[in-house]
């Protein structure tokens, strides 16, 4: 689908994750602020929505008790499996963001992957080739040395993604 000028829409990938404090289906503050930043600073209005496509990627980390396979859809027979229940929770989680896109007429694609968020976000960037990757970053109050030792998802993406990356710092 082309924007009004006949050019393809600008594709913006937003990596979203659940809240570590509240859990599913609540998004983290940093990813909500990153998503809202895209809507407010890039999309800006309903009339601009046709020029953009939002690509929502949710990576379920291995510490959630799921393996590194990257199946994103479950059949009706698979729903009883705990692994597939996690995928279904992820799809339900993405609905929050998809609804906001639908409400302003913004094209949106969303999917769930399972594994290491740092690696999978960068591999998905390589696969789908967005024009921009947007990730949230929490303000954890870490010292300089702690920041070096802790491998953040946003830092890894900033260094390794094959597209421009906007890291949006959380206000909290």
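Numbering (the working numbering), first residue to last: 14 to 185.
For each residue, glycine too, the CB sits at the ideal point set by N, CA and C.
- Check the Cα spacing between residue 141 and each of 117, 174, 180 and 61: the tightest is with 174.
- Scanning its chain for C-beta atoms nearer than 6 Å, with the 5 sequence neighbours on each side dropped, one finds no residue around residue 113.
- Here the alpha carbon of residue 97 sits roughly 31 Å from the alpha carbon of residue 179.
- Straight across, the Cα-Cα distance linking residue 108 with residue 170 is about 24 Å.
- In the DSSP assignment, residue 127 falls within the beta strand (DSSP E) that extends over 120-127.
- Put simply, the backbone Cα of residue 146 is about 21 Å away from that of residue 185.
- Just so you know, the alpha carbons of residue 31 and residue 104 end up roughly 12 Å apart.
- Secondary structure of residue 149 (DSSP, three-state): strand.
- Counting along the chain, the unbroken alpha helix (DSSP H) around residue 166 starts and ends at 166-173.
- Given a length threshold of 4 residues, each whole run of the alpha helix (DSSP H) inside the stretch 16-65 is given here in chain order: 42-50.
- Of the candidates 55, 39 and 65, the residue whose Cα lies closest to the Cα of residue 102 is 39.
- Linking residue 172 to residue 60 through their CA atoms gives a straight-line distance of about 34 Å.
- The beta carbons of residue 128 and residue 47 sit no closer together than 8 Å.
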